[in-house]
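Chemist: Numbering (this note's numbering), first residue to last: 13 to 425.
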Ligand code: 0X9
Ligand code: ZN
């Protein structure tokens, strides 16, 4: 009897969801706002040391910085901030509990919906199901395999010619940003299940969609570590796992806002496109060529609608075209639930970070309208956005997507 109880306890421990793993117990997210250049400088130093998980990196004076610290780190972090005369507030007082609340209960595969988050296999099964149910509207292709062997799928939606203008959409390049795949799949579902409403758009514009382009990282956030960001690739002789896939693209690779330390969350990798998943996405954008008129890559969080460049403060020559379309899209987005977004170039809006997919899409892929969207929220929940916000986020973001679609439908170039 005693051994049966012991076994049950052991099994419960092994089956414990990432939320229940002990390392997040007592973890908190602190927010601080630097008001002097030296405070920004010191926060950058703290970021580079790599001891803390910066949920929101230092940007500029007056802009909040969100730092997660584990229970044992909190006293030191608070003392460090005090030493820098930086006031702080507790943004998330119980990270572990929030993780528990947002991780879906899993008793085998669940049908797709938008009231909870779904894992990689569920999303892939749903893509296959969509293509089988709506063969005249969409098709699915296996376009690659992740480092750990997961199939990567590309869904094409549209009823017109393959040469119609296309919008390439991806999500989940950063594993822990769960609202991104959820929002991308929400928008796909709207287009496909309400195809009568959007018949004109679907006849004139194609959508190329990859909802979760970091399959192994995304799967890992469901099974092991909810707040994992990078890929899951291993390098010989290197202890730390993974590369920041949004520092890995071959355009200004390894420049500002990246790290060459494999343990860093912004590690750019041993070489450009070292990550197979990014090669897969790159090859699809390349293959589609001039059929891609816009590239939208979904992240979270901070509510930002950004265009290149991210590698430096310069703006592309045609930035006004990109800005105007973003303004229209965000106006439509805000009209739905009043959610406010900031618009601008990546480097000027968030921070300098080279090797991003958006910069590559424009700088090498030749996609004029290239954007990174940081979805909800502004930090109340951060990466742990409650599932109740998936539908409202989907609703508002879909209106923004329709602005892009109508722009191309009406001959925008
Ligand atoms: O740092 C990133 O990769 C993105 N922010 S996140 O918090 N989701 O990690 C912003 C990327 C903006 N684009 C480029 N810097 N190219
Ligand atoms: Zn991201």
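Just so you know, even glycine gets a beta-carbon here, dropped at the ideal spot from N, CA and C.
Considering just the uninterrupted stretch of the beta strand (DSSP E) at residue 222, what are its terminal residues?
Modeler: 218-222
Chemist: Determine, using beta carbons only, whether residue 200 and residue 221 come nearer to each other than 8 Å.
Modeler: yes
Chemist: What three-state label does DSSP hand residue 410 in the structure shown?
Modeler: helix
Chemist: Quick one, are the C-beta atoms of residue 80 and residue 39 less than 8 Å apart?
Modeler: yes
Chemist: Does DSSP classify residue 199 as helix, strand or coil?
Modeler: helix
Chemist: Have a look at 165, 65, 284 and 179 and flag the residue whose alpha-carbon is nearest the alpha-carbon of residue 424.
Modeler: 179
Chemist: Starting from residue 293, follow the beta strand (DSSP E) in both directions and report where the run begins and ends.
Modeler: Counting along the chain, residue 293 falls outside any beta strand (DSSP E), though it belongs to the alpha helix (DSSP H) covering 288-300.
Chemist: Output needed for residue 272: all residues of its chain with C-beta closer than 8 Å, excluding positions within five of it in sequence on either side, in chain order.
Modeler: 266, 279 and 280
Chemist: Three or more C-beta pairs closer than 8 Å, one from the segment 339-346 and one from the segment 234-246: is that the case here?
Modeler: no
Chemist: Which class does residue 247 belong to by DSSP, given the choice of helix, strand or coil?
Modeler: coil
Chemist: Where residue 24 and residue 99 are concerned, what is the direct C-alpha to C-alpha distance, given to the nearest angstrom?
Modeler: With a pLDDT of 40 at residue 24, under the threshold of 50, the modelled position of this residue cannot be trusted, and the question is left open.
Chemist: Give every residue of the same chain whose Cβ lies closer than 8 Å to the Cβ of residue 20, excluding the five residues on either side of it in the sequence, and list them in chain order.
Modeler: Any reading at residue 20 must be qualified, since the residue scores a pLDDT of 41, below 50, and its modelled position is unreliable; the value itself is stated next. Same-chain partners within the cutoff: there are none.
Chemist: Would you call the CB atoms of residue 406 and residue 313 closer than 8 Å?
Modeler: no
Chemist: Using the C-alpha atoms, what's the distance from residue 334 back to residue 382?
Modeler: 8 Å
Chemist: Enumerate in chain order the residues of its own chain whose CB-to-CB distance from residue 306 is below 6 Å, with the five nearest sequence positions on each side excluded.
Modeler: 179, 381 and 416
Chemist: Specify, as a first and last residue, the run of the alpha helix (DSSP H) that residue 68 falls within.
Modeler: Note, residue 68: premise wrong, no alpha helix (DSSP H); beta strand (DSSP E) at 65-68.
Chemist: Three Cβ pairs or more, each shorter than 8 Å: is that satisfied between the segment 191-209 and the segment 152-160?
Modeler: Judged by Cβ distances under 8 Å, the segment 191-209 makes no contact with the segment 152-160, as fewer than three pairs qualify.
Chemist: Rounded to a whole number of angstroms, what is the C-alpha to C-alpha distance between residue 102 and residue 393?
Modeler: 12 Å
Chemist: When you compare only the Cα positions, how much space is there between residue 186 and residue 193?
Modeler: Taking C-alpha positions only, residue 186 is separated from residue 193 by approximately 10 Å.
Chemist: Please classify residue 160: does DSSP put it in a helix, a strand, or coil?
Modeler: coil
Chemist: Taking the C-alpha atoms as reference points, what is the distance between residue 54 and residue 91?
Modeler: Separation of residue 54 and residue 91 (C-alpha to C-alpha, rounded to the nearest whole angstrom) is 14 Å.
Chemist: In the DSSP assignment, find the unbroken alpha helix (DSSP H) run with residue 40 in it and report its ends.
Modeler: Looking at the DSSP string, residue 40 is not in any alpha helix (DSSP H); the run it does join, the beta strand (DSSP E), is 40-44.
Chemist: Do the CB positions of residue 370 and residue 309 come within less than 8 Å of each other?
Modeler: yes
Chemist: So what does DSSP say about residue 190, is it helix, strand or coil?
Modeler: coil
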